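Every letter in the sequence shown is one number past the one before it in the numbering used here, and letter 43, counting from 1, is 54. Using N, Cα and C, we set each Cβ at its ideal position, and we do this for glycine too. None of these values were measured; they are calculated from a predicted model. A quick write-up on the structure given underneath.
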Amino acid sequence: MALLDIRDLDLRIARGRELLPVVQGVSLAVEENETLGIVGESGCGKSLTALAIMGLLEGSVVRIAGGSVHFRGRDLLALSPDERRRVMGDQMAMIFQEPMTSLNPVYRVGDQIREAILQHRRMSRKQARDRALDLLELVRIPDPLRRIDSFPHQMSGGQRQRVMIAMALACDPKLLIADEPTTALDVTVQKEVLELMRSLQARNGMSIVLISHDLGVVSEICDKVAVMYRGKIVEQASTSTLFSNMSHPYTLGLLGSIPSTDHDVEWLDAIPGRVPTLDEAVPGCAFHPRCFAANESCRSADPSASAVSPAHIVRCHFPQGSSS
12 MALLDIRDLD LRIARGRELL PVVQGVSLAV EENETLGIVG ESGCGKSLTA
62 LAIMGLLEGS VVRIAGGSVH FRGRDLLALS PDERRRVMGD QMAMIFQEPM
112 TSLNPVYRVG DQIREAILQH RRMSRKQARD RALDLLELVR IPDPLRRIDS
162 FPHQMSGGQR QRVMIAMALA CDPKLLIADE PTTALDVTVQ KEVLELMRSL
212 QARNGMSIVL ISHDLGVVSE ICDKVAVMYR GKIVEQASTS TLFSNMSHPY
262 TLGLLGSIPS TDHDVEWLDA IPGRVPTLDE AVPGCAFHPR CFAANESCRS
312 ADPSASAVSP AHIVRCHFPQ GSSS
């Protein structure tokens, strides 16, 4: 049994009397001690999927219209709000995209870490502070005894991201969801944060869902990859399989847009156009207006998911490298 098992998740955004589909039929599984990467451009539904897993869509305009989210055998969507809160932050935790806006600017970072601990553990405030100090040391914050009383604005972007990781790890969760954890960081700090997450995973034995737009980052840390486009999984495979045999034109476009240090190029490859908005009706395959391989079939019929090899799923009429 998978640690996290998502089946046919369907999310819709309320626009007046309409419910516009934003995530459609997403199915994902994460095993114990495994790292799953979810990649795609902004607007493809990656973060909304993560928020649905964490139960953070309540009170928003997004509705869960179908599907199930099982964690350790329990359907999270069937839990009461109180039961859900006992799971979130304790057994499951999330690192949000931008630490400067996710951390409260008027509270010291140590108090924010301590609050997360006191919500789920029976500890005195002193014990929780000691635990916060241990966490700051664990995530390699320099001089944690001084930094525990700092405000977020007094720390660098990399340090703030480490504080977010410390908060997420406060109760030793079995599943960590990291939503673009390196987006706002320079390349050197990105590498440090990824190495930190990898070492903490090995130390704590947790699973990770890493959300990113960068296939280069995902290739370094993930065991398997799901590629999302306009709310659907268009390709899914183990990392080694995906990078050796990319089949969806969108996945190929994402890889082609990554700069290479192996040779000089004057212009980077780019996927033409943009992700269609929710209001735009796109008949057939949603990617066909941007696809180099599109033909009449792509413009008239939405492809279903099919296996191009064992455990390699592609949603495309004409997968690249196949005989279809």
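Candidates the options: closest to residue i by CA position
i: LEU114; options: MET166, GLU277, SER71, ARG132; result: MET166
i: SER218; options: ILE176, ASN44, LEU15, ARG96; result: ASN44
i: PRO287; options: GLN172, GLY27, CYS55, ARG142; result: CYS55
i: ASP141; options: ALA181, PRO153, ILE324, ARG171; result: ALA181
i: LEU270; options: LEU279, THR262, LEU196, GLY264; result: Checking the sequence shown, residue 270 turns out to be Pro, not Leu. For PRO270, the nearest C-alpha among the options comes from LEU279.
i: VAL73; options: SER79, GLU29, ILE106, ILE24; result: ILE24
i: MET12; options: HIS81, LEU59, ILE75; result: HIS81
i: VAL220; options: LEU187, VAL229, GLN212; result: LEU187
i: PRO110; options: PHE162, ARG151, GLN130, LEU39; result: PHE162
i: HIS277; options: SER268, HIS328, GLY284; result: In the sequence on display, residue 277 carries Glu and not His. Nearest C-alpha to GLU277: SER268.
i: GLY169; options: MET178, ASP160, PRO155, THR193; result: THR193
i: ARG66; options: LEU30, GLU29, SER53, LEU22; result: In the sequence as displayed, the identity of residue 66 is Gly instead of Arg. Per the Cα distances, LEU22.
i: PRO283; options: LEU265, LEU289, ASP275; result: LEU265
i: SER99; options: ARG26, LEU59, ILE17, ASP183; result: Here the sequence assigns Met to residue 99, which means Ser is not the residue at that position. Looking at the Cα atoms, ASP183 is the closest of the given residues.
i: CYS309; options: HIS299, ALA318, ALA316, VAL198; result: HIS299
i: LEU149; options: SER135, MET178, ARG133; result: MET178
i: GLN201; options: VAL229, GLN123, PHE254; result: VAL229
i: THR252; options: ILE324, MET134, GLU307, SER210; result: ILE324
i: GLN331; options: SER255, ASP275, GLU307, ARG285; result: SER255
i: ARG285; options: ASN306, THR199, GLY51; result: GLY51
i: LEU39; options: LEU15, LEU59, GLN212; result: LEU15
i: ARG95; options: ASP197, LEU68, GLN212; result: LEU68
Assigned exposure category for residue i - 16 Cβ within 10 Å defines buried
i: ARG1; result: Residue 1 lies beyond the range of the chain shown here (12 to 335); nothing can be said about it.
i: THR112; result: exposed
i: THR46; result: buried
i: VAL34; result: buried
i: ARG214; result: exposed
i: ALA281; result: exposed
i: HIS164; result: exposed
i: LEU156; result: exposed
i: ARG173; result: buried
i: ARG321; result: According to the sequence shown, residue 321 is Pro rather than Arg. Burial call: exposed.
i: ALA89; result: exposed
i: ARG171; result: buried
i: VAL319; result: buried
i: GLY27; result: exposed
i: GLY216; result: exposed
C-beta atoms of residue i and residue j nearer than 9 Å
i: MET238; j: THR250; result: The question names Met, yet the displayed sequence has Val at residue 238. For VAL238 and THR250, no; Cβs fall outside 9 Å.
i: VAL41; j: LEU20; result: no
i: ILE222; j: ALA61; result: yes
i: LYS57; j: ILE64; result: no
i: LYS185; j: ARG83; result: yes
i: ILE125; j: ALA104; result: Here residue 125 is Arg; the residue named in the question, Ile, does not match the sequence. Against a cut-off of 9 Å, the Cβ pair of ALA104 and ARG125 comes out as no contact.
i: MET208; j: ILE232; result: yes
i: GLU191; j: GLN247; result: no
i: LEU147; j: GLY121; result: yes
i: PRO260; j: ALA304; result: yes
i: ARG301; j: PRO314; result: no
i: GLY176; j: VAL204; result: What sits at residue 176 in the sequence shown is Ile, not Gly. Against a cut-off of 9 Å, the Cβ pair of VAL204 and ILE176 comes out as a contact.
i: LEU263; j: PRO32; result: no
i: ALA139; j: ILE128; result: yes
i: HIS131; j: ASP101; result: yes
i: ARG18; j: GLY70; result: no
i: ILE75; j: ALA189; result: no
**Report entry** Those runs of the beta strand (DSSP E) which lie wholly inside the stretch 34-79 and span at least 3 residues
**Finding:** With a minimum length of 3 residues, the continuous beta strand (DSSP E) runs that stay inside the stretch 34-79 are 46-50.
Query raised in the report: Using 8 Å as the Cβ pair cut-off and three pairs as the minimum, do the stretch 205-224 and the stretch 294-305 touch?
Result: Here the stretch 205-224 does not lie against the stretch 294-305, with fewer than 3 beta-carbon pairs under 8 Å apart.
Requested in this report: Counting only runs of 4+ residues fully inside the stretch 140-178, write out the alpha helix (DSSP H) ranges in chain order.
Outcome: Given a length threshold of 4 residues, each whole run of the alpha helix (DSSP H) inside the stretch 140-178 is given here in chain order: 155-158.
**Report entry** Contiguous alpha helix (DSSP H) assignments of at least 4 residues, all confined to the stretch 285-320
**Finding:** Those alpha helix (DSSP H) runs which fall completely within the stretch 285-320 and span 4+ residues are 307-311.
Query raised in the report: Could you give the uninterrupted runs of the beta strand (DSSP E) lying entirely in the stretch 234-286, keeping only those of 3 residues or more?
Result: Listed in chain order, they are 235-240, 243-249.
Report task. Jot down the residue ranges of each uninterrupted alpha helix (DSSP H) in the stretch 172-234, minimum 4 residues, whole runs only, in chain order. Result -> Correct list: 198-215, 226-232.
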